[in-house]
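For the sequence shown, my numbering begins at 92 and goes up steadily by one.
We put the CB at the ideal spot given by N, CA and C, even for glycine.
Please read all numbers here as calculations on a predicted model, not as lab measurements.
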Amino acid sequence: MKKILTTPIKAEDLEDIRVGDVIYLTGMLVTCRDVCHRR
């Protein structure tokens, strides 16, 4: 199943997600590399 989620993601949005689903995220996403976690 294809599902589009917009950030911030609510808990009820995650209830219908199953293994094998295709999830698209829209909105602000923050990422960092592994070096950032060492701080």
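Whole-number beta carbon distance between residue j and residue i, since they are thought to touch under 8 Å
i    : j   : result
V113 : K93 : 5 Å
As assigned by DSSP and simplified to three states, the class of residue i
i    : result
L105 : helix
V56  : What is shown of the chain runs 92 to 130, which leaves residue 56 out entirely.
I95  : strand
L120 : coil
I100 : coil
V113 : strand
When the options are compared against residue i, the one with the closest alpha-carbon
i   : options          : result
T98 : L105, G111, L116 : L116
Alpha carbon of residue i to alpha carbon of residue j, nearest angstrom
i    : j    : result
D125 : D107 : 30 Å
L105 : I95  : 11 Å
V110 : G118 : 23 Å
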